[in-house]
Amino acid sequence: MKERTQRIFARFLKVSAPLTVEDLSKEFRVSERTLRNEVVRINEYLVEHQYPAITTARGSGMTLLLPEQETRVLLERIEETRAKDYYRPDERFLFLLLDIADTSRVTLLYEMEEKLQVSKSTLDEDMRKLRHYLHPYGIAVVSLTKQGIVLQGDERSIRSMLFEAINNQVDVEQLTQGKSSDVITQFALHYLDRDMLQILDRLYDERLKKADAETNHVYRNQIILFTAVWVRRVREGNTVSESTKTRAEIKEGPVRNFADEICAELSLFPSLHEIKYMTFSIESFKPKDMNSSFDWVAAQLLTIQLIEHVERVTGIPFSQEEEDLYEGLYRHITGLLSRAQNNLQAFNPLKDTIKESYGAMYQAVACFGKQIEAYTQTGLSEDEIGFLTVYFSTSASRMHEEEQDVYQAVVVCNHGISTGKLLAANLKRQFNIEIVAVLSTYELSFIDKLDVDLIFTSIPIEYPKKPILLLNPILMESDKKEVSAFLAEHNNHRRKISNKLDATRLMQDVLSLIVDSGGSVTPDSYQKVENTFKQHQLKINTRELQPMLQDVLTDTNILLNQEGADWREAITKVAEPLLDSGVIEQRYINAMIKSVEEFGAYIVVGKHLALAHARPEDGVNELGISVMTLKEPVNFGHPDNDPVKIVFCLAAINSHSHIKIMKSLVELIDDNEKLEKLFAAQDVATFNEVLHGETPVHDNSDSQLN
Numbered sequence: 001m002k003e004r005t006q007r008i009f010a011r012f013l014k015v016s017a018p019l020t021v022e023d024l025s026k027e028f029r030v031s032e033r034t035l036r037n038e039v040v041r042i043n044e045y046l047v048e049h050q051y052p053a054i055t056t057a058r059g060s061g062m063t064l065l066l067p068e069q070e071t072r073v074l075l076e077r078i079e080e081t082r083a084k085d086y087y088r089p090d091e092r093f094l095f096l097l098l099d100i101a102d103t104s105r106v107t108l109l110y111e112m113e114e115k116l117q118v119s120k121s122t123l124d125e126d127m128r129k130l131r132h133y134l135h136p137y138g139i140a141v142v143s144l145t146k147q148g149i150v151l152q153g154d155e156r157s158i159r160s161m162l163f164e165a166i167n168n169q170v171d172v173e174q175l176t177q178g179k180s181s182d183v184i185t186q187f188a189l190h191y192l193d194r195d196m197l198q199i200l201d202r203l204y205d206e207r208l209k210k211a212d213a214e215t216n217h218v219y220r221n222q223i224i225l226f227t228a229v230w231v232r233r234v235r236e237g238n239t240v241s242e243s244t245k246t247r248a249e250i251k252e253g254p255v256r257n258f259a260d261e262i263c264a265e266l267s268l269f270p271s272l273h274e275i276k277y278m279t280f281s282i283e284s285f286k287p288k289d290m291n292s293s294f295d296w297v298a299a300q301l302l303t304i305q306l307i308e309h310v311e312r313v314t315g316i317p318f319s320q321e322e323e324d325l326y327e328g329l330y331r332h333i334t335g336l337l338s339r340a341q342n343n344l345q346a347f348n349p350l351k352d353t354i355k356e357s358y359g360a361m362y363q364a365v366a367c368f369g370k371q372i373e374a375y376t377q378t379g380l381s382e383d384e385i386g387f388l389t390v391y392f393s394t395s396a397s398r399m400h401e402e403e404q405d406v407y408q409a410v411v412v413c414n415h416g417i418s419t420g421k422l423l424a425a426n427l428k429r430q431f432n433i434e435i436v437a438v439l440s441t442y443e444l445s446f447i448d449k450l451d452v453d454l455i456f457t458s459i460p461i462e463y464p465k466k467p468i469l470l471l472n473p474i475l476m477e478s479d480k481k482e483v484s485a486f487l488a489e490h491n492n493h494r495r496k497i498s499n500k501l502d503a504t505r506l507m508q509d510v511l512s513l514i515v516d517s518g519g520s521v522t523p524d525s526y527q528k529v530e531n532t533f534k535q536h537q538l539k540i541n542t543r544e545l546q547p548m549l550q551d552v553l554t555d556t557n558i559l560l561n562q563e564g565a566d567w568r569e570a571i572t573k574v575a576e577p578l579l580d581s582g583v584i585e586q587r588y589i590n591a592m593i594k595s596v597e598e599f600g601a602y603i604v605v606g607k608h609l610a611l612a613h614a615r616p617e618d619g620v621n622e623l624g625i626s627v628m629t630l631k632e633p634v635n636f637g638h639p640d641n642d643p644v645k646i647v648f649c650l651a652a653i654n655s656h657s658h659i660k661i662m663k664s665l666v667e668l669i670d671d672n673e674k675l676e677k678l679f680a681a682q683d684v685a686t687f688n689e690v691l692h693g694e695t696p697v698h699d700n701s702d703s704q705l706n
């Protein structure tokens, strides 16, 4: 049996789900005709050895159903046969890489020829490909007198490279479970140590899984693999540079406990710098909430912009699913930004399938990638694009489940109102047609005033503005066929309506009634109303219930034509109205300045526009925002958006109460004309008129939500 036939055979043995010819031909990069011939050869082998053959079910695919014991025997037999064959190029690549990366042993090229059973010229070509692969990482392969062939480069880059190389060639699910008999997985298991992987798998479940039950299974495997590479490199004495600036302090919690348990069980004694590197890297793999990321505002801005961009490109109204979609994207993007800062990549084993299955959404996300890259200063991988696409495809699927296709129409009938209503009821029940009105021929002029697309009539009429179908008052079988054909001909008139009532506006009205009746909406009463709606399965978009920019930005918080010697003074001045009113504490201003000192001018979010902020726990008492225009622009240190002419100061109490404010700022960032008018405003009334379109009336009573 040929090597390719063996691999296809093993694929059938390892899965119980149906496999299609189309999918397998793509996976093994052969034509569908070749793939079918391979299946014939496999079936010949199965029949010869008295096993059931691969069967095909119409509409689903091909399946090989065998008892577990027989499956295991056949897999072992294939591996025994494979061991006698020469290694494939991809197997030789990983074997070479991991052997050279293993600093506990000496790698000599002439010994590699014998181990891999290849000629010197073949090995030379393999080494050329390996060097080409390592070049983008800044890693070289060098020959040293006593150490043999070794990798030379920054330790962080070597770890990232090993992590990605194993990810790209090995089924990480099988690797972390230590169960695969596949040759290439065996190489990785040997390098990483099967027993050590099992320890990491157990410790993950004990320390991290219990603490974060919602962690994606893909992230789980990524964390275990990354940690395994870290353990291997630390064991061999390879450490990250002490001079490298660590972007996070070690915090008590599940990740720190996970690191401590690993060191205790594996008798590791890494430096404090290594523990910082490891804990922060693991945090980078996990989707985050606002409090675990210094650049949460950037993540929110990017999330809002991404949703608007994909909706605009695809035409799918994602705003209907905004709450769930926003939350998932926001958490993922915070993790994405952290990974970019730490030169880490999340591996997505389904990226090719996602790209093919959701092409339009994938391309829309990919086009937006430039805006994410402008912030991260690094490329956005196809793996990350795939992850982001999944959030949109999931949202679209939910929307599809909650929607149905309908046609809006009017019925014209002169045979009595009851007959007309019966015709309308039958059309609605049998064809999902929404009948807006039943009219007589004397009322045709009303059609122009109705939101309808089609006309069904039981009497001949002329109405050239809309498609018309003449039917019997009582539907006959022939009428039903005509209706089906008529709808198919005019399917461009189909409309989407939601089966799930959006009660957001109703909840807004209830809250307004509470205020109008002399009451006030407190956080506690608001939560009770929201819980009541949810208990009755009424859908509400909590984003739409949050205060808008004009609700929070009071006149006293608008400072115009101010002087600022530098960016520190600019931040201090714009925050003073919030400090004076008790919205923030002094330590919040200190935290904003410290963040820019530590992480740079990331708060300059648009051309000439800065959004000063820190985290809620740094001294925020309630939701608030202030703004200041500068008489003379100030440099914050941003390479593209300096100098800053306008500074907003945001004080947020959580990750969601200010989303409408963020939406307004996103619109402002993209509106150069409005920004110029704001810079030029000489009084608060003019500033408000430009910013909001009209001079808002501010209500600072207790009824205002914070």
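Residue 1 is where the sequence shown starts when you use full-length UniProt numbering, and the numbers rise one by one after that.
Cβ atoms here follow ideal geometry from the backbone N, Cα and C, with glycine treated the same way.
Task: Beta-carbon contacts of N348 that lie in its chain and below 8 Å, excluding the five residues immediately before and after - done: V218, I354, E382, D383, E384, G386 and F387
Open item on the list: Residues in the same chain with beta-carbon distance under 7 Å from D154, minus the five sequence neighbours each way, listed in chain order, please.
Closed with: G138
Open item on the list: So, for residue 708: in the same chain, excluding its five sequence neighbours on each side, which residues have a beta-carbon less than 7 Å away from its beta-carbon?
Closed with: Residue coverage of the chain in this structure runs from 1 to 706, which leaves residue 708 outside it and unanswerable.
Task: Segment contact flag, the stretch 556-574 with the stretch 619-627, C-beta cutoff 8 Å, min 3 pairs - done: yes
- [ ] Look at the alpha carbon of K276 and the alpha carbon of L64, and state the distance between them as a whole number of angstroms.
- [x] 48 Å
- [ ] Answer yes or no: does any C-beta atom of chain B fall closer than 8 Å to that of A425?
- [x] Structure shown: chain B not included; a single protein chain is present.
Task: Rounded straight-line distance, which links the Cα of L192 to that of E27 - done: 27 Å
Open item on the list: Am I right that A681 and I584 are in contact with their C-beta atoms under 8 Å? What's the rounded C-beta distance?
Closed with: At roughly 25 Å, the Cβ-Cβ gap does not stay under 8 Å, so A681 and I584 are not in contact.
Open item on the list: Starting from residue 710, trace the beta strand (DSSP E) in both directions and tell me its first and last residue.
Closed with: Since the first residue of the chain shown is 1 and the last is 706, residue 710 is not available in this structure.
Open item on the list: If you reduce the DSSP assignment to three classes, tell me which class F679 lands in.
Closed with: helix
Open item on the list: Give me the DSSP bridge partner(s) of residue 760.
Closed with: There is no way to answer for residue 760, as the model of the chain reaches only from 1 to 706.
Task: Per-residue DSSP class, three states only, for K209 - done: helix
Task: Straight-line gap, D702 to A299 (C-alpha atoms, nearest Å) - done: At D702 the pLDDT is 37, less than 50, meaning the model places this residue with poor confidence; the figure from the coordinates comes in the next sentence. Approximately 31 Å, taken between the alpha carbons.
TODO: Compute the Euclidean distance between the alpha carbons of F431 and S440, then round it to the nearest angstrom.
DONE: 22 Å
Task: A165 beta carbon less than 8 Å from that of L97 - done: yes
Open item on the list: Within the continuous alpha helix (DSSP H) that includes T556, where are the two ends?
Closed with: Counting along the chain, T556 falls outside any alpha helix (DSSP H), and DSSP gives it neither H nor E.
Open item on the list: Using the three-state DSSP reduction, which class does Q371 fall into: helix, strand or coil?
Closed with: helix
Task: Spatially closest choice to L203 from Q371, L487, H190 and T227, by CA coordinates - done: T227
TODO: Determine the direct distance from the alpha carbon of L475 to that of L380, and round the result to whole angstroms.
DONE: 58 Å
- [ ] Give the DSSP bridge partners of G138, in chain order.
- [x] Bridge partners of G138: none, in fact.
- [ ] Look at the alpha carbon of L109 and the alpha carbon of S119, and state the distance between them as a whole number of angstroms.
- [x] 11 Å
Task: DSSP beta-bridge partners of L24 - done: Its beta-bridge partners do not exist; DSSP assigns none.
TODO: Assign G328 to one of three DSSP states: helix, strand, or coil.
DONE: helix
Task: Bridge partner(s) assigned by DSSP for Q152 - done: A140
- [ ] With distances taken Cα to Cα, identify the nearest neighbour of F12 among P52, I262 and E48.
- [x] P52
Open item on the list: Please state the DSSP three-state secondary structure of F12.
Closed with: helix
- [ ] My understanding is that P473 touches L454, with C-beta atoms under 8 Å, so please give their C-beta distance in whole angstroms.
- [x] Between L454 and P473 the Cβ distance is about 17 Å, and since that is not below 8 Å, they are no contact.
Task: Residues that Q562 bridges to, as DSSP identifies them - done: L630
TODO: Note down the Cα distance separating Y602 from H613, rounded to an integer number of angstroms.
DONE: 10 Å
TODO: For the beta strand (DSSP E) containing A53, list its first residue and its last residue.
DONE: That residue, A53, is in no beta strand (DSSP E); it is neither H nor E in DSSP.
- [ ] Please say whether S60 and P18 have beta carbons closer to each other than 8 Å?
- [x] yes
Task: Limits of the alpha helix (DSSP H) - the one that L302 falls within - done: W296 to T314
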